[in-house]
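Okay, so here's the structure we're looking at.
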Ligand SMILES: Nc1nc2c(ncn2[C@@H]2O[C@H](COP(=O)(O)OP(=O)(O)OP(=O)(O)O)[C@@H](O)[C@H]2O)c(=O)[nH]1
Ligand SMILES: Nc1nc2c(ncn2[C@@H]2O[C@H](COP(=O)(O)OP(=O)(O)OP(=O)(O)O)[C@@H](O)[C@H]2O)c(=O)[nH]1
Ligand SMILES: [Mg+2]
Ligand SMILES: [Mg+2]
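Residue numbers (the working numbering), protein chains in the order written: chain R, 1 to 292; chain V, 293 to 576.
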């Protein structure tokens with residue numbers, strides 16, 4: 001893969017110059033540092049640079065390009081491919097009604113992103129409903145209700161019983177009666193050491209049977225993003241990813257690692273606090289930002 | 293006998309990886325490793341009858357603690373007690389980026405202060421985010437703490453001013469101020485924070501961040517400290533990531549005490565921060 005894309009590029013370019021071992025090692029050190037600062041895991045960084053070093057010892061690179069830029073370009077292409085390549089992620093809602101469930105760690109931006117998704121798909125002429133199953137966090141129901149009102153989307157939240165499963169079932173019934181095309185189900189934040197909450201999300205999944213489970217990841221989180229993603233996968237399938245807080249200066253290595261762990265595609269990013277601050281994911285832009 | 297250069301390089305490389313793997317920012321990890329290197333270079337190990345590995349590990353541990361030795365482990369309750377002896381109400385401002393646990397932490401501190409016999413009022417100065425006022429109000433209801441609030445869109449500084457006035461007239465000991473989360477990259481919001489700080493004149497300015505942060509912790513710390521004075525920190529969600537290296541990033545970059553670690557979502561889930569405990573935790 002890394003090797004193939006490299007040899008493809010080489011065969012297309014005329015004129016080559018040597019990179020000596022010393023130069024290569026220096027460049028790889030620089031690249032390693034850049035990737036580590038981007039929150040890419042140590043294991044991935046070292047494997048990546050090991051592969052490159054082995055492959056490029058005494059090899060040739062195209063003339064007129066600095067060795068560093070050339071190696072970065074190879075890595076850039078490899079990462080873009082990991083993130084889905086040049087084809088934009090599939091964000092069309094294929095079937096109606098469609099149930100989309102959001103999961104993720106506390107405070108990563110699920111509730112805000114639920115509203116953003118409702119805004120996005122409402123603009124695509126879908127009727128979108130929002131369901132709040134979070135009964136743990138004070139004001140969670142009110143938060144999503146206010147956002148739903150802002151967008152003009154139908155909303156269902158806890159009417160007083162304290163069972164997320166019941167709320168989800170009643171919410172789905174209501175949304176289906178109202179002929180909603182897309183039902184977005186918000187859930188309480190949780191992390192892998194909160195055993196009962198992880199079991200709760202599995203029970204919720206089994207009852208709701210969502211068409212898609214979207215993992216919401218905070219771009220500012222580091223390597224825990226991947227560890228938590230892996231843990232979520234033991235309880236529910238992870239079909240897609242939404243990366244929030246991309247208006248920070250975080251380079252997103254944690255999110256990249258989560259993609260590698262889950263095999264899920266990043267579909268959207270959040271670029272601010274307002275419901276309109278949502279963008280369809282663009283791998284090329286993401287990787288150039290990651291590589292600094 | 294002293295350690296060989298080769299051995300020192302190997303130890304430092306391993307330490308660097310260990311720190312980075314726990315999400316200590318790269319630049320901070322590099323600085324720490326430089327300090328450790330200097331200590332290791334001076335380390336003299338007896339030739340016989342000792343556990344060499346243990347001696348080296350202890351040297352590394354002490355070297356890291358040395359980097360942060362000028363930052364005190366603060367007893368928060370002692371600190372606020374002293375401030376309260378000088379003036380009342382004591383105004384504590386909580387600030388930080390989005391979603392890291394400010395509002396929940398304010399509730400925890402309110403719980404702590406009430407249990408210690410103080411009277412508390414909350415200032416709902418997050419007048420922006422959906423549900424922010426209701427969230428704090430619910431905490432107030434559960435804890436029996438009054439919440440001073442205006443409407444959404446109101447000037448946060450006005451809410452704070454009212455809360456302080458209320459506390460003064462009613463003889464309330466503490467005003468805990470909740471502010472909206474804000475991204476350090478948003479200049480308008482950071483300027484607003486500067487204004488809020490100036491109006492509130494807090495006795496304590498507490499920065500709240502979570503343990504999950506990666507290298508971004510460095511940027512957040514540098515930018516926030518440019519806009520407002522930070523007296524101390526509370527790092528949350530340590531239960532999700534006990535080895536959270538961002539803790540070390542914040543200590544080394546801001547050089548301010550960490551008052552507490554948030555270790556869960558209940559009011560009692562707050563533990564005093566101890567440097568030694570954390571470094572031992574980090575080094576495993
Ligand atoms: N700047 C910025 N803030 C964001 C973004 N997405 C969410 N936020 C903010 O992050 C904070 C947390 O968002 P929530 O939607 O409450 O997060 P959550 O995952 O639902 O939190 P829990 O339900 O408690 O787990 C809020 O202040 C949001 O406004 C984003 O893309 N950029
Ligand atoms: N596991 C765990 N969750 C926490 C901790 N502290 C806060 N949380 C959770 O993190 C989420 C966000 O907390 P908030 O208090 O709303 O965060 P905030 O900083 O006020 O958020 P904004 O006002 O939107 O910027 C909530 O679900 C809290 O329950 C902690 O120490 N451990
Ligand atoms: Mg939420
Ligand atoms: Mg808040």
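Just so it is clear, CB atoms sit at the ideal spot from N, CA and C, and this is done for glycine as well.
Cβ of residue i within 7 angstroms of Cβ of residue j?
i                     : j                     : result
residue 428 (chain V) : residue 416 (chain V) : yes
residue 392 (chain V) : residue 528 (chain V) : yes
residue 331 (chain V) : residue 355 (chain V) : yes
residue 35 (chain R)  : residue 42 (chain R)  : no
residue 168 (chain R) : residue 220 (chain R) : no
residue 165 (chain R) : residue 213 (chain R) : no
residue 304 (chain V) : residue 344 (chain V) : no
residue 404 (chain V) : residue 412 (chain V) : no
residue 56 (chain R)  : residue 24 (chain R)  : yes
residue 335 (chain V) : residue 295 (chain V) : yes
residue 142 (chain R) : residue 423 (chain V) : yes
residue 537 (chain V) : residue 314 (chain V) : yes
residue 263 (chain R) : residue 223 (chain R) : no
residue 327 (chain V) : residue 311 (chain V) : no
Mapping the DSSP letters down to three states, classify residue i as helix, strand or coil.
i                     : result
residue 499 (chain V) : strand
residue 101 (chain R) : strand
residue 141 (chain R) : helix
residue 120 (chain R) : helix
residue 542 (chain V) : helix
residue 83 (chain R)  : coil
residue 402 (chain V) : helix
residue 238 (chain R) : coil
residue 18 (chain R)  : strand
residue 221 (chain R) : strand
residue 336 (chain V) : strand
residue 212 (chain R) : strand
residue 528 (chain V) : strand
residue 518 (chain V) : helix
residue 1 (chain R)   : In this predicted model, residue 1 (chain R) has a pLDDT of only 45, less than 50, meaning its place in the structure is not dependable; the value taken from the coordinates is given anyway. Three-state DSSP puts residue 1 (chain R) in coil, outside helix and strand.
residue 56 (chain R)  : helix
residue 10 (chain R)  : Residue placement at residue 10 (chain R) is flagged as unreliable, the pLDDT there being 48, under the threshold of 50; a coordinate-derived value is accordingly withheld.
Do we get a CB-CB distance below 7 angstroms when we pair residue i with the residues of chain V?
i                     : result
residue 10 (chain R)  : Bear in mind that the predicted position of residue 10 (chain R) carries a pLDDT of just 48, short of 50, making it too unreliable to give a figure here.
residue 142 (chain R) : yes
residue 138 (chain R) : yes
residue 39 (chain R)  : yes
residue 146 (chain R) : yes
residue 113 (chain R) : no
residue 169 (chain R) : no
residue 14 (chain R)  : With a pLDDT of only 41 at residue 14 (chain R), under the threshold of 50, the placement of this residue in the model should not be trusted; the figure read from the coordinates follows. False, the Cβ-Cβ gap to chain V never drops below 7 angstroms.
residue 23 (chain R)  : no
residue 224 (chain R) : yes
Taking Cβ positions only, does residue i come closer than 7 angstroms to chain R?
i                     : result
residue 477 (chain V) : yes
residue 417 (chain V) : no
residue 533 (chain V) : yes
residue 309 (chain V) : yes
residue 315 (chain V) : yes
residue 442 (chain V) : no
residue 508 (chain V) : yes
residue 573 (chain V) : no
Considering residue i, what are the terminal residues of the alpha helix (DSSP H) in which it resides?
i                     : result
residue 41 (chain R)  : Neither: residue 41 (chain R) is in no alpha helix (DSSP H) and is coded neither H nor E.
residue 564 (chain V) : Per DSSP, residue 564 (chain V) belongs to no alpha helix (DSSP H); it is in the beta strand (DSSP E), 562 to 564.
residue 371 (chain V) : 368 to 378
residue 432 (chain V) : 424 to 435
residue 570 (chain V) : 567 to 575
residue 297 (chain V) : 297 to 313
residue 345 (chain V) : 344 to 359
residue 392 (chain V) : Careful: residue 392 (chain V) lies outside any alpha helix (DSSP H) and carries neither H nor E.
residue 172 (chain R) : 164 to 177
residue 491 (chain V) : 479 to 492
Go to residue i, then tell me how far its beta strand (DSSP E) extends in each direction, as first and last residue.
i                     : result
residue 132 (chain R) : 128 to 132
residue 186 (chain R) : 182 to 186
residue 289 (chain R) : Unbroken run through residue 289 (chain R) is the alpha helix (DSSP H), 283 to 290; no beta strand (DSSP E).
residue 471 (chain V) : 466 to 471
Using 8 angstroms as the threshold, is the region 377 to 388 of chain V in touch with the region 464 to 481 of chain V, meaning 3 or more CB pairs across them? With a cut-off of 8 angstroms, the region 464 to 481 of chain V and the region 377 to 388 of chain V count as touching, because enough Cβ pairs lie within range.
Give a yes or no on contact between the region 175 to 190 of chain R and the region 104 to 111 of chain R, applying the rule of three or more CB pairs nearer than 8 angstroms. A contact exists between the region 175 to 190 of chain R and the region 104 to 111 of chain R.
Cβ pair count under 8 angstroms reaching 3, the region 88 to 102 of chain R against the region 171 to 184 of chain R: Taking 8 angstroms as the limit for Cβ pairs, the verdict is that the region 171 to 184 of chain R does touch the region 88 to 102 of chain R.
Mind the definition here: the region 108 to 122 of chain R touches the region 197 to 211 of chain R only if three or more C-beta pairs lie below 8 angstroms; say whether that holds. The region 108 to 122 of chain R makes no contact with the region 197 to 211 of chain R, as fewer than three CB pairs between them are under 8 angstroms.
Quick check: the region 451 to 460 of chain V against the region 479 to 494 of chain V, are there 3 or more CB pairs under 8 angstroms? With the cut-off at 8 angstroms, the region 451 to 460 of chain V and the region 479 to 494 of chain V touch.
Count Cβ pairs between the region 520 to 535 of chain V and the region 346 to 353 of chain V that sit closer than 8 angstroms; are there 3 or more? No, they do not touch.
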